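Protein chains: 2
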Amino acid sequence: MRICVEKTAFFKILTHQQSLINKRSTTVPVLSHVLIKAHYSDQGDPIVSVHGTDMEMSLWEKEIIKPFESPGASVVCAHLLCEIVRKIDDQWVTLESFENHITIQGGAAEFHLPTLPVAEFPFMETQDLPFELLIHPGVLADVIKDTSFCVATEETRYALAGICFHFREDTQHQLSCNVVATDGHRLALSRLTDIRMNQSAAISGTASLLVIGRRTVQSMLRLLESDSGETVSFRFSANQVSIQGEKFQFFSRLLIDRFPDYIGAIPKNHLFRVQFDPKELMKTLDRVSMVIEERTRSVKLAFCKTGLTVSAHSSQGSAKEVIKISYDGEDFSLVFNARYLSEICQHARGNIMTIEGTKNQNPVLFQENNRDALYVLMPISA
Amino acid sequence: MRICVEKTAFFKILTHQQSLINKRSTTVPVLSHVLIKAHYSDQGDPIVSVHGTDMEMSLWEKEIIKPFESPGASVVCAHLLCEIVRKIDDQWVTLESFENHITIQGGAAEFHLPTLPVAEFPFMETQDLPFELLIHPGVLADVIKDTSFCVATEETRYALAGICFHFREDTQHQLSCNVVATDGHRLALSRLTDIRMNQSAAISGTASLLVIGRRTVQSMLRLLESDSGETVSFRFSANQVSIQGEKFQFFSRLLIDRFPDYIGAIPKNHLFRVQFDPKELMKTLDRVSMVIEERTRSVKLAFCKTGLTVSAHSSQGSAKEVIKISYDGEDFSLVFNARYLSEICQHARGNIMTIEGTKNQNPVLFQENNRDALYVLMPISA
Chain A
1 MRICVEKTAF
11 FKILTHQQSL
21 INKRSTTVPV
31 LSHVLIKAHY
41 SDQGDPIVSV
51 HGTDMEMSLW
61 EKEIIKPFES
71 PGASVVCAHL
81 LCEIVRKIDD
91 QWVTLESFEN
101 HITIQGGAAE
111 FHLPTLPVAE
121 FPFMETQDLP
131 FELLIHPGVL
141 ADVIKDTSFC
151 VATEETRYAL
161 AGICFHFRED
171 TQHQLSCNVV
181 ATDGHRLALS
191 RLTDIRMNQS
201 AAISGTASLL
211 VIGRRTVQSM
221 LRLLESDSGE
231 TVSFRFSANQ
241 VSIQGEKFQF
251 FSRLLIDRFP
261 DYIGAIPKNH
271 LFRVQFDPKE
281 LMKTLDRVSM
291 VIEERTRSVK
301 LAFCKTGLTV
311 SAHSSQGSAK
321 EVIKISYDGE
331 DFSLVFNARY
341 LSEICQHARG
351 NIMTIEGTKN
361 QNPVLFQENN
371 RDALYVLMPI
381 SA
Chain B
1001 MRICVEKTAF
1011 FKILTHQQSL
1021 INKRSTTVPV
1031 LSHVLIKAHY
1041 SDQGDPIVSV
1051 HGTDMEMSLW
1061 EKEIIKPFES
1071 PGASVVCAHL
1081 LCEIVRKIDD
1091 QWVTLESFEN
1101 HITIQGGAAE
1111 FHLPTLPVAE
1121 FPFMETQDLP
1131 FELLIHPGVL
1141 ADVIKDTSFC
1151 VATEETRYAL
1161 AGICFHFRED
1171 TQHQLSCNVV
1181 ATDGHRLALS
1191 RLTDIRMNQS
1201 AAISGTASLL
1211 VIGRRTVQSM
1221 LRLLESDSGE
1231 TVSFRFSANQ
1241 VSIQGEKFQF
1251 FSRLLIDRFP
1261 DYIGAIPKNH
1271 LFRVQFDPKE
1281 LMKTLDRVSM
1291 VIEERTRSVK
1301 LAFCKTGLTV
1311 SAHSSQGSAK
1321 EVIKISYDGE
1331 DFSLVFNARY
1341 LSEICQHARG
1351 NIMTIEGTKN
1361 QNPVLFQENN
1371 RDALYVLMPI
1381 SA
């Protein structure tokens, strides 16, 4: 293999691999490597493709390059190759593979990296995924960003360590998908509506609910955010998911645990309804929570007709601040985890958000007008 | 005490304190606090002053504020006060002290912080410092920045854990000061020339050499870099140093260990002389050293008439790059620590630097034309 690739495009492909490949896999060295292949496509286009896997996820991505004379393949350390390409001081990078090494050349610099046998490169077993949804990459990225901050990070909560995609058909056979994440203290739900699938009738059966793990979600997000196409193909079976764009194909196993009944966790009865500016509350929380120690990050929200008083105290001191709200009921107060509350505000799009709840220790509901997303947060006992 | 201070100016004073005050001193809580005092100066100006110490260093800084009715003092947690002032959403901050707390108010936010008794605030014992030098803060900051990266960081090399200021008088009674740092592997020297002191005759005696510790140097640098005045007073005795500007006074103990004979460490005989562009070498080192592991950061420099080949290798791979130099002698090569070499290049001001040495394991000398600074670096045995 001897090829000449455009630095920026090749670097972008290599950075996508960083999110799934172990930086240093000492037990299985080949898992820290990528497979680089140069060949001519069926249409006759000269192509370089990069393949990486951690055996849970797999990413293949290609780019059309300058015509080359010598096709071939090479298995190289992903992290080092990415760093080298990033720092090369030239628009073009030349790669030439030999029996057990590869040279990378650009500008005045030349690198030799050892390679592993191409035959030893592992491929994750992938299936034909029966269900397919065509979706704009930006729309899919948005629902992931709207919810992924609520994914459980504790290793013990395995069933909650991912985002749940729940497909549902209403009585008019309209298909929608609830995208949900929860860590047991809070819940985020964003909705994909008016979607069309290849087998919408079948979806209401077993495969209607898929849970995509935290690391998979992060890798998907990087791919979606840098994809400039109009649609990607989102496919899944009962235990795998894939997204495919014009230039890439990404596979991942699903978390096989079942997801808890999130619909039951969304409060339906409300005794109060308050409107506030989420950006303003976020700034206030940032100031007020300075006086609280990491472990007990609780802030008190006292609602009354004249305004919302946000306060906190600890041995370090106390703080309070009043912000404007729209509310005309009786005075009441609730205590929340400051960081959880702030993260909900941070994910708001506009400057009016609504809180609804029952003034006691039941979960409260945060929503924005004209937006298919909601957040549920448990108050802390004061 | 009830005063109203301008947020930006007050915040700047508090950040200066951060460099010397322990963020959390649990054994001696008062050492994580600052003393804030409001009073009218002899000239009748309303003044707020902030005093902090870690008992090795001491900083006092003042600012003229709005006229106030109630003077007084308060001892507050430095770190928390600084954070609060930083985040307050208003141009003005109001401080009001009570018996055992202080309120800080700005915008819609109000904070209460516990305070410690003013009588318990510790003052570091300071002396009358006999030697005084008036110097532009930028000039003093420059010699510190030119040399401080060579200060030893290993705790065992106590004598090298600071910058040495060595005052010398030549035969024409012209006074100069060599500012030197070394960690045993490399040495940086910058020179203050044409300086005038209050007692230049006496300086050639005992106090001609002072070693200022690493932390002191960093605190001094912050003060000097944010001082917009024309001169600061740099004073010292055999065991203390101070700098005083229009609005601040900073004291620190000196390291009492003696500094090694650095003059003997500067190579005087040269068998080669090479000119190169330090910025270009720095970028090349950055690329070439990607293939070497942290512990053995050695790069080889092969000099010949046609150019300088910078190369490195490890089990991860190898790299080489050729850059232009001005040299017309025999071919030879030297091995250096990549980071040390890169840091010397980084501190160059222009785009021509000279290396001189003896082509063997003796130290080499790096200099720039028209600049009173030099760097010495030991090669590594290849």
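Those protein sequence lines, which keep their order, are chains A and B. Residue numbering for the first sequence follows the numbering used here, starting at 1 and increasing by one per position. Residue numbering for the second sequence follows the numbering used here, starting at 1001 and increasing by one per position. Just so it is clear, CB atoms sit at the ideal spot from N, CA and C, and this is done for glycine as well. Only a predicted model underlies this, so the values are computations on that prediction, with no experimental measurement involved.
Coarse secondary structure for residue i, derived from DSSP in three states
i: leucine 254 of chain A; result: coil
i: tyrosine 327 of chain A; result: coil
i: tyrosine 1340 of chain B; result: helix
i: glutamine 316 of chain A; result: coil
i: isoleucine 1352 of chain B; result: coil
i: histidine 1079 of chain B; result: helix
i: leucine 129 of chain A; result: coil
i: glycine 973 of chain B; result: Given that chain B is displayed from residue 1001 to residue 1382, the structure contains no residue 973 of chain B and the question cannot be resolved.
i: glutamate 1099 of chain B; result: coil
i: glutamate 1061 of chain B; result: strand
i: glutamine 361 of chain A; result: coil
i: isoleucine 84 of chain A; result: helix
i: glutamate 120 of chain A; result: helix
i: glutamine 467 of chain A; result: No answer is possible for residue 467 of chain A: the residues shown for chain A start at 1 and end at 382.
Cβ neighbour criterion (16 or more within 10 Å) applied to residue i
i: histidine 33 of chain A; result: buried
i: methionine 1370 of chain B; result: Before going further, note that residue 1370 of chain B is asparagine rather than methionine in the sequence given. Asparagine 1370 of chain B is exposed by the Cβ-count criterion.
i: proline 1067 of chain B; result: exposed
i: glycine 1357 of chain B; result: buried
i: isoleucine 344 of chain A; result: buried
i: asparagine 178 of chain A; result: buried
i: arginine 287 of chain A; result: buried
i: glutamate 1061 of chain B; result: buried
i: valine 1028 of chain B; result: exposed
i: arginine 339 of chain A; result: exposed
i: threonine 147 of chain A; result: buried
i: proline 1297 of chain B; result: The amino acid occupying residue 1297 of chain B in the given sequence is arginine; proline does not appear at that position. Arginine 1297 of chain B is buried by the Cβ-count criterion.
i: isoleucine 1102 of chain B; result: buried
i: aspartate 119 of chain A; result: The sequence as given places alanine at residue 119 of chain A; aspartate does not occur at that position. With fewer than 16 Cβ atoms within 10 Å of its Cβ, alanine 119 of chain A is classed as exposed.
Residues near residue i in its chain [Cβ-Cβ closer than 8 Å; skip 5 each side]
i: aspartate 1183 of chain B; result: Cys1150, Val1151, Ala1152, Thr1153, Glu1154, Arg1157 and Leu1160
i: leucine 1129 of chain B; result: Arg1235, Phe1236, Ser1237, Gln1240, Val1241 and Ser1242
i: serine 31 of chain A; result: With the sequence shown as reference, residue 31 of chain A is identified as leucine, and serine is not the correct amino acid for it. Within the same chain, leucine 31 of chain A has close Cβ partners Ile21, Asn22, Ser25, Thr53, Asp54, Met55 and Pro122.
i: proline 267 of chain A; result: Glu356, Gly357, Thr358, Asn362, Pro363, Val364, Leu365 and Val376
i: methionine 197 of chain A; result: Phe131, Glu132, Leu133, Phe167, Leu175 and Ile203
i: leucine 285 of chain A; result: Val299, Val310, Ala338, Leu341, Ser342 and Cys345
6 Å CB neighbourhood of residue i in its chain, flanking five on each side removed
i: proline 422 of chain A; result: Residue 422 of chain A is absent from the model: chain A starts at 1 and stops at 382.
i: proline 1137 of chain B; result: Leu1224, Asp1227 and Val1232
i: cysteine 1164 of chain B; result: Val1180, Val1211 and Phe1259
i: serine 97 of chain A; result: Met1, Gly72 and Ser74
i: serine 1326 of chain B; result: Gln1275
i: aspartate 328 of chain A; result: Lys305
i: leucine 140 of chain A; result: Leu224
Beta-carbon proximity list for residue i, same chain, < 7 Å, skipping 5 on both sides
i: methionine 282 of chain A; result: Ser342, Cys345 and Gln346
i: proline 379 of chain A; result: Leu334, Val335, Phe336, Gln361 and Val364
i: isoleucine 1084 of chain B; result: Ile1104 and Phe1111
i: leucine 254 of chain A; result: Leu210, Val211, Ile212, Asn239, Gln240 and Val241
i: valine 1291 of chain B; result: Ala1312, His1313, Ser1314, Gln1316, Gly1317, Ser1318 and Ala1319
i: serine 289 of chain A; result: Arg297, Val299, Ala312 and Ala338
9 Å Cβ cutoff, residue i in contact with chain D
i: histidine 101 of chain A; result: The displayed structure is made up of protein chains A and B, and chain D is not among them.
Notebook entry, point to check: For the segment 1142-1228 of chain B, which segments carrying the beta strand (DSSP E) assignment without a break, of at least 3 residues, lie completely within its bounds, in sequence order?
Noted result: DSSP runs (the beta strand (DSSP E)) wholly in the segment 1142-1228 of chain B: 1162-1169, 1175-1182, 1186-1195 and 1209-1213.
Next item on the list: Could you name the residues of the segment 1311-1337 of chain B whose beta carbon sits closer than 7 Å to any beta carbon of chain A, in the order they occur along the chain?
Entry: Listed in sequence order: Gln1316, Gly1317, Ser1318, Ala1319, Lys1320, Glu1321, Val1322 and Ile1323.
Note to self: So within the segment 9-54 of chain A, which uninterrupted beta strand (DSSP E) runs reach at least 3 residues, ignoring any that extend past its ends?
What the structure shows: The segment 9-54 of chain A contains these whole beta strand (DSSP E) runs: 33-40 and 46-53.
Check: What residues in the segment 214-227 of chain A bring their beta carbon closer than 8 Å to a beta carbon of chain B?
Finding: Under the 8 Å Cβ criterion, the segment 214-227 of chain A contributes no residue.
Note to self: Under 8 Å, CB to CB, which of the residues in the segment 74-98 of chain A have a partner in chain B?
What the structure shows: Per Cβ criterion, the list reads Cys77, Leu80, Glu83, Ile84, Lys87, Ile88 and Asp89.
Checklist line | Secondary structure, alpha helix (DSSP H): runs of 4+ residues fully inside the segment 251-299 of chain A | finding: Under the rule that a run must span 4 or more residues, the alpha helix (DSSP H) segments found entirely inside the segment 251-299 of chain A read 278-288.
Margin query: Taking beta-carbon pairs under 8 Å, can you tell me which members of the segment 133-150 of chain A lie near chain B?
Written below: Correct list: empty, as no residue qualifies.
Next item on the list: Using a Cβ-Cβ cut-off of less than 9 Å, list which residues of the segment 1273-1301 of chain B approach chain A; keep chain order.
Entry: From the segment 1273-1301 of chain B, only Lys1283, Thr1284, Asp1286, Arg1287, Val1288, Met1290 and Val1291 have a Cβ closer than 9 Å to chain A.
Notebook entry, point to check: Closer than 7 Å, Cβ to any Cβ of chain A: which residues of the segment 1106-1117 of chain B, in chain order?
Noted result: For the segment 1106-1117 of chain B, the residues whose beta carbon sits under 7 Å from a beta carbon of chain A are, in order, Ala1108, Ala1109, Glu1110, Phe1111, His1112, Leu1113 and Pro1114.
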